[in-house]
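Peer 1:
2 protein chains.
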Amino acid sequence: MLIGKQSWRFTNTPVILSTGVSGGPFEKNGKLAEDFDILHDDLWMEKDTYELAHQLLLEEAIQKALEKGNASEQDIQFLLAGDLINQITPTSFAARTAGVPYFGLFGACSTSMEGLALSAFIVNYGGAKKVLTGASSHHAAVERQFRYPTEYGGQKPPTAQWTITGAGVALIGSSFENKGIYPRVVSATIGKVIDMGLSDPLNMGGAMAPAAVDTIMAHFKDTGLAPNDYDLIVTGDLGKIGRDTAFDLLTQNGIKIEKEHFQDCGLMIYKEEQPVFAGGSGAGCSATVFYGHLLNQMKKGKYKRLLIVATGALLSPLSYQQGQSIPCIAHAVAVEYIH
Amino acid sequence: MLIGKQSWRFTNTPVILSTGVSGGPFEKNGKLAEDFDILHDDLWMEKDTYELAHQLLLEEAIQKALEKGNASEQDIQFLLAGDLINQITPTSFAARTAGVPYFGLFGACSTSMEGLALSAFIVNYGGAKKVLTGASSHHAAVERQFRYPTEYGGQKPPTAQWTITGAGVALIGSSFENKGIYPRVVSATIGKVIDMGLSDPLNMGGAMAPAAVDTIMAHFKDTGLAPNDYDLIVTGDLGKIGRDTAFDLLTQNGIKIEKEHFQDCGLMIYKEEQPVFAGGSGAGCSATVFYGHLLNQMKKGKYKRLLIVATGALLSPLSYQQGQSIPCIAHAVAVEYIH
Numbered sequence: 028m029l030i031g032k033q034s035w036r037f038t039n040t041p042v043i044l045s046t047g048v049s050g051g052p053f054e055k056n057g058k059l060a061e062d063f064d065i066l067h068d069d070l071w072m073e074k075d076t077y078e079l080a081h082q083l084l085l086e087e088a089i090q091k092a093l094e095k096g097n098a099s100e101q102d103i104q105f106l107l108a109g110d111l112i113n114q115i116t117p118t119s120f121a122a123r124t125a126g127v128p129y130f131g132l133f134g135a136c137s138t139s140m141e142g143l144a145l146s147a148f149i150v151n152y153g154g155a156k157k158v159l160t161g162a163s164s165h166h167a168a169v170e171r172q173f174r175y176p177t178e179y180g181g182q183k184p185p186t187a188q189w190t191i192t193g194a195g196v197a198l199i200g201s202s203f204e205n206k207g208i209y210p211r212v213v214s215a216t217i218g219k220v221i222d223m224g225l226s227d228p229l230n231m232g233g234a235m236a237p238a239a240v241d242t243i244m245a246h247f248k249d250t251g252l253a254p255n256d257y258d259l260i261v262t263g264d265l266g267k268i269g270r271d272t273a274f275d276l277l278t279q280n281g282i283k284i285e286k287e288h289f290q291d292c293g294l295m296i297y298k299e300e301q302p303v304f305a306g307g308s309g310a311g312c313s314a315t316v317f318y319g320h321l322l323n324q325m326k327k328g329k330y331k332r333l334l335i336v337a338t339g340a341l342l343s344p345l346s347y348q349q350g351q352s353i354p355c356i357a358h359a360v361a362v363e364y365i366h
Numbered sequence: 028m029l030i031g032k033q034s035w036r037f038t039n040t041p042v043i044l045s046t047g048v049s050g051g052p053f054e055k056n057g058k059l060a061e062d063f064d065i066l067h068d069d070l071w072m073e074k075d076t077y078e079l080a081h082q083l084l085l086e087e088a089i090q091k092a093l094e095k096g097n098a099s100e101q102d103i104q105f106l107l108a109g110d111l112i113n114q115i116t117p118t119s120f121a122a123r124t125a126g127v128p129y130f131g132l133f134g135a136c137s138t139s140m141e142g143l144a145l146s147a148f149i150v151n152y153g154g155a156k157k158v159l160t161g162a163s164s165h166h167a168a169v170e171r172q173f174r175y176p177t178e179y180g181g182q183k184p185p186t187a188q189w190t191i192t193g194a195g196v197a198l199i200g201s202s203f204e205n206k207g208i209y210p211r212v213v214s215a216t217i218g219k220v221i222d223m224g225l226s227d228p229l230n231m232g233g234a235m236a237p238a239a240v241d242t243i244m245a246h247f248k249d250t251g252l253a254p255n256d257y258d259l260i261v262t263g264d265l266g267k268i269g270r271d272t273a274f275d276l277l278t279q280n281g282i283k284i285e286k287e288h289f290q291d292c293g294l295m296i297y298k299e300e301q302p303v304f305a306g307g308s309g310a311g312c313s314a315t316v317f318y319g320h321l322l323n324q325m326k327k328g329k330y331k332r333l334l335i336v337a338t339g340a341l342l343s344p345l346s347y348q349q350g351q352s353i354p355c356i357a358h359a360v361a362v363e364y365i366h
């Protein structure tokens, strides 16, 4: 049901039955390697193109989620997913492989929570018994498209972020039809496009921070909750600069939050010594960190209530070249796991 | 509620409160010019880029839908929309203008019905009081991106289609909260990705036809209805070749349907003498023809029950260049207007 202006509360408790998380070599050397189900040693993954490797990551994550959820494609009504590649072809080709009715989404790096919010809504009201939702990115495919082919060796400023290679997929079902204790999708807040006029595609964290803040404030207003109601508020891929900016903006707006309770997936995924500039990013960033690491932490009892705020920069190389600023968005989903 | 494998029935009757339809010069000279709310004399629309003109079309259609529905942006919970341009920037920039919480969709030319199906589901279950949904395309922006800049004068085979310039937007609300008689969104069938191995981007109608047939057959199976339950079944943009192919495939599969009851938006929008090869296409095609012409025909009493089957080719220029075939999809929405 709609609460406030732009949020949903899921009173029939849709749950995350299982997840599948795949990654590449940089993630294999990263801080969260143990939280991935599948890790590849090289970016090509024995495919002829990076885009086919990208598609493979999503296919593998889908298979893992199905396998861990004791389900097959025939049990699934819908797949809701997207990526950053033009016309989201890796996702659409993976949807062809899955053979499941498919809603293509585009929310850039916010796609993970756009998909989870819609999936939870659909399952909550019996529009499906089970759905798959997810997001993915591939470093070399995305770099080539948005910036330069990596072989070119273009230099980057410290504000730049490192597109992660990985896919995160969740199998969502109803708690009524699935016995057991699962992470519950409690509420969601859908973001507006926020554009503060920033236009540097090598500082996307800074551009996205106001969108994250707008959605977090809307979430608290709509739900009547406060930061202390969550054990952790975690943004998608703001990176160092964006996280600091968002923290300052929240403080300026009277939202009191302890800094250690305000984390960012892009700052969690890699080791300190990995050369990722301001942190990880990409549509797979929040998807892999949340569906992998954070849910594992919840299972271990470290967190009971999380607010995941996936942030997206909705620019294109063309819109940047045409002098447009960067329109940004963030979608928040609250997940509770009490066992 | 879910019916069958991949369909929804909307028992709380979400309704189309109003629509807004904008178009370009080719549409102004077309067969359905009277059904557009706004028509432009040239493709630039006094903007500096075709992409900004594309954005304007959607902004105008949103404004018209709001105006005709006696609503303002503040009354709207969500916008669900998309287009064909890389990273759907025209839609995201228009969402920035509207300032409404936004779900970005990518379904190529099937986006119109992907958005209507999701919007109807959300409104049906009280996830929003009012939502806006729509799709758009701009001939020159899309041609440049998918094929060649039009100035290049590249020749096309007769199987090619003509991307329409236009946007179609609908304001969806609940029949409980809106007195009056409106077109009702009755059911929807979400399509799978169907790929028969065709790879010619200048014959998309042929590639998309099997996806349309798959969704139409799933719709009849899930709902228990037959072609005669609809006054018209109208596909999105199959064009001459795709429509004939789809008709033959349906007949081969035992679906009896009179040919005049099986039409295509891409074959309705232009005059016979306009040089559009096999017909119109583009994300705006089914959106403008359905939200404009077909709803007007329903208001006049010509049709009571329509099944709109928006078809999409989910390729990208890159996936084509890399030798991939064309993954296709179709989403069907049934609309009833009895007054």
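From first to last, the protein sequence lines are chains A and B. Just so it is clear: in the first sequence, position 278 is 305 by the working numbering, and no numbers are missing. Just so it is clear: in the second sequence, position 143 is 170 by the working numbering, and no numbers are missing. We put the CB at the ideal spot given by N, CA and C, even for glycine.
Taking all protein chains shown into account, decide if F203(A) is buried (16 or more other Cβ within 10 angstroms of its Cβ) or exposed.
Peer 2: Taking the first sequence and counting its residues from 1, the one referred to as residue 203(A) is at position 176. Exposed, because fewer than 16 other Cβ atoms sit within 10 Å of the Cβ of F203(A).
Peer 1: Rounded to the nearest angstrom, what separates L106(A) and P176(A) at their Cα positions?
Peer 2: Position 79 of the first sequence, counted from the start, is the residue given in the question as residue 106(A). Position 149 of the first sequence, counted from the start, is the residue given in the question as residue 176(A). One C-alpha to the other measures close to 30 Å.
Peer 1: From the DSSP output, in three-state form, read off Y179(A) for me.
Peer 2: Position 152 of the first sequence, counted from the first residue, corresponds to residue 179(A). DSSP places Y179(A) in helix when its eight states are reduced to three.
Peer 1: On the DSSP letters alone, give me the boundaries of the beta strand (DSSP E) that Y129(A) sits inside.
Peer 2: Walking along the first sequence from the start, residue 129(A) turns up at place 102. It spans 129 to 131 - the beta strand (DSSP E) in which Y129(A) sits, taken as one unbroken run.
Peer 1: For a quick check, are the C-beta atoms of A162(B) and A108(B) less than 8 Å apart?
Peer 2: In the second sequence, counting from the first residue as 1, residue 162(B) sits at position 135. In the second sequence, counting from the first residue as 1, residue 108(B) sits at position 81. A contact, by the Cβ cut-off of 8 Å.
Peer 1: Just tell me which of K157(A), G251(A), A273(A), T250(A) has its CA closest to the CA of V261(A).
Peer 2: Walking along the first sequence from the start, residue 261(A) turns up at place 234. Residue A273(A) is the option with its Cα nearest to V261(A).
Peer 1: Identify whether G193(A) lies in helix, strand or coil by the three-state DSSP scheme.
Peer 2: The residue given as residue 193(A) occupies position 166 in the first sequence. G193(A): strand per DSSP, three-state reduction.
Peer 1: Ordered along the chain, which non-local residues of its own chain (more than five positions away) have a Cβ less than 8 Å from that of K331(B)?
Peer 2: Taking the first residue of the second sequence as position 1, residue 331(B) is located at position 304. So the list reads D258, M325, E363, Y364, I365, once near-sequence residues are dropped.
Peer 1: Along the region 104 to 128 of chain B, where does the CB come closer than 8 Å to a CB of chain A? Name the residues.
Peer 2: Those residues of the region 104 to 128 of chain B that come within reach of chain A (Cβ to Cβ, closer than 8 Å) are Q104, F105, G109, L111, I112, N113, Q114, I115, T116, S119, F120, A122, R123, G126, V127, P128.
Peer 1: Let me know if G251(A) comes out buried or exposed under the rule of 16 or more other beta-carbons within 10 Å of its beta-carbon.
Peer 2: Position 224 of the first sequence, counted from the start, is the residue given in the question as residue 251(A). Exposed: under 16 other Cβ atoms inside 10 Å.
Peer 1: Use the C-beta contact count for Q172(A): other C-beta atoms within 10 angstroms, 16 or more gives buried, fewer gives exposed.
Peer 2: As a working note, residue 172(A) is residue 145 in the first sequence. Buried, because 16 or more other Cβ atoms sit within 10 Å of the Cβ of Q172(A).
Peer 1: Helix, strand or coil for V303(A), going by three-state DSSP, please let me know.
Peer 2: The residue labelled residue 303(A) in the question sits at position 276 within the first sequence. Correct three-state label for V303(A): coil.
Peer 1: Using the rule of at least 16 other Cβ atoms within 10 Å of the residue's Cβ for burial, across every protein chain shown, is A253(A) buried or exposed?
Peer 2: Counted from its first residue, the first sequence places residue 253(A) at position 226. With fewer than 16 other Cβ atoms within 10 Å, it is exposed.
Peer 1: Taking its Cβ as the centre, do 16 or more other Cβ atoms sit within 10 Å of Y129(A), making it buried, or is it exposed?
Peer 2: If you number the first sequence from 1, residue 129(A) lands on position 102. Y129(A) is buried by the Cβ-count criterion.
Peer 1: If we ignore side chains and look at the alpha-carbon of each, how far apart do R211(B) and L321(B) end up?
Peer 2: Locating residue 211(B) in the second sequence gives position 184, where the first residue counts as 1. Locating residue 321(B) in the second sequence gives position 294, where the first residue counts as 1. Cα to Cα, the separation comes out at about 14 Å.
Peer 1: Using a Cβ-Cβ distance under 8 Å, would M223(B) count as near chain A?
Peer 2: As a working mapping, residue 223(B) is identified with position 196 in the second sequence. Cβ-Cβ to chain A under 8 Å: no for M223(B).
Peer 1: For a test of the three-state rule: what should DSSP assign to V213(A), helix, strand or coil?
Peer 2: The residue given as residue 213(A) occupies position 186 in the first sequence. Note: V213(A) maps to strand in three-state DSSP.
Peer 1: Please say whether A359(B) and I191(B) have beta carbons closer to each other than 8 Å?
Peer 2: Looking up residue 191(B) in the second sequence gives position 164. Looking up residue 359(B) in the second sequence gives position 332. Taking 8 Å as the Cβ cut-off, I191(B) and A359(B) do not qualify as a contacting pair.
Peer 1: Report yes if the CB atom of T138(A) is closer than 8 Å to the CB atom of G339(A), and no otherwise.
Peer 2: By 1-based counting over the first sequence, the position of residue 138(A) is 111. By 1-based counting over the first sequence, the position of residue 339(A) is 312. Against a cut-off of 8 Å, the Cβ pair of G339(A) and T138(A) comes out as a contact.
Peer 1: Using a Cβ-Cβ cut-off of 8 Å, state whether E141(A) counts as contacting chain B.
Peer 2: Here the question's residue 141(A) lines up with position 114 in the first sequence. Yes, contact with chain B.
Peer 1: Can you name the residues of chain A whose CB is closer than 9 Å to the CB of M28(B)?
Peer 2: Translated into the one-based positions of the second sequence, residue 28(B) becomes position 1. What M28(B) touches in chain A: Y152, G153, G154.
Peer 1: What residue range is occupied by the uninterrupted beta strand (DSSP E) comprising S49(B)?
Peer 2: Taking the first residue of the second sequence as 1, we reach residue 49(B) at position 22. Note, S49(B): beta strand (DSSP E), 41 to 50.
Peer 1: Given a cut-off of 8 Å on the beta-carbon distance, is the pair V150(A) and I199(A) in contact?
Peer 2: Working through the first sequence from its first residue, we reach residue 150(A) at position 123. Working through the first sequence from its first residue, we reach residue 199(A) at position 172. Yes; because the gap between Cβ atoms is below 8 Å, this pair is in contact.
Peer 1: Closer than 8 Å, Cβ to any Cβ of chain B: which residues of the region 28 to 62 of chain A, in chain order?
Peer 2: The region 28 to 62 of chain A vs chain B, Cβ under 8 Å: M28, L29, K32, Q33, W35.
Peer 1: Could you tell me the alpha carbon to alpha carbon distance between D256(B) and K329(A), rounded to whole angstroms?
Peer 2: As a first step, residue 256(B) must be located in the second sequence, where it is residue number 229. As a first step, residue 329(A) must be located in the first sequence, where it is residue number 302. Roughly 56 Å between the two C-alpha positions.
Peer 1: Against chain A, does V220(B) count as a neighbour if the rule is that its beta carbon must be under 8 Å from one of theirs?
Peer 2: Residue mapping note: residue 220(B) aligns to position 193 of the second sequence, counting from 1. Yes, V220(B) lies at the interface with chain A (some Cβ there is under 8 Å from its Cβ).
Peer 1: I'd like to confirm the pairing. Which residues does DSSP put opposite E23(A) in its beta bridges?
Peer 2: The structure shown does not extend to residue 23(A), since chain A spans only 28 to 366, so no value can be given for it.
Peer 1: So which of T216(B), I65(B), N113(B) has the shortest CA-CA distance to K95(B)?
Peer 2: Translated into positions along the second sequence, residue 95(B) becomes position 68. Nearest C-alpha to K95(B): I65(B).
Peer 1: Is the Cβ of S343(B) closer than 8 Å to any Cβ of chain A?
Peer 2: Within the second sequence, the letter at position 316 stands for residue 343(B). It does: the Cβ of S343(B) has a partner Cβ on chain A nearer than 8 Å.
Peer 1: In the DSSP output, which residue or residues are listed as bridge partners for A361(B)?
Peer 2: Position 334 of the second sequence, counted from the first residue, corresponds to residue 361(B). S214(B), L334(B).
Peer 1: Is G131(A) close to chain B? Criterion is C-beta to C-beta, closer than 8 Å.
Peer 2: In the first sequence, counting from the first residue as 1, residue 131(A) sits at position 104. So yes, G131(A) belongs to the interface.
Peer 1: Should F203(A) be flagged as near chain B, meaning a C-beta pair shorter than 8 Å?
Peer 2: Along the first sequence, one-based indexing puts residue 203(A) at 176. F203(A) does not count as touching chain B.
Peer 1: Is there a Cβ of chain A sitting closer than 8 Å to that of A194(B), yes or no?
Peer 2: On the second sequence, residue 194(B) is found 167 positions in, with the first residue counted as 1. Not one chain A Cβ lies under 8 Å of A194(B).
Peer 1: So, is the C-beta of T76(A) closer than 8 Å to a C-beta in chain B?
Peer 2: Taking the first residue of the first sequence as 1, we reach residue 76(A) at position 49. Closer than 8 Å to some Cβ of chain B, the Cβ of T76(A) qualifies, so yes.
Peer 1: If E186(B) and A305(B) are in contact, beta carbons under 8 Å, what's the gap, nearest whole angstrom?
Peer 2: The residue labelled residue 186(B) in the question sits at position 159 within the second sequence. The residue labelled residue 305(B) in the question sits at position 278 within the second sequence. Looking at the sequence provided, one finds Thr at residue 186(B) rather than Glu. That belief holds up - the Cβ atoms of T186(B) and A305(B) are roughly 6 Å apart, short of 8 Å.
Peer 1: Have a look at G134(B) and Q104(B) and give me their C-alpha separation to the nearest angstrom.
Peer 2: Within the second sequence, the letter at position 107 stands for residue 134(B). Within the second sequence, the letter at position 77 stands for residue 104(B). So the two alpha carbons sit approximately 22 Å from each other.
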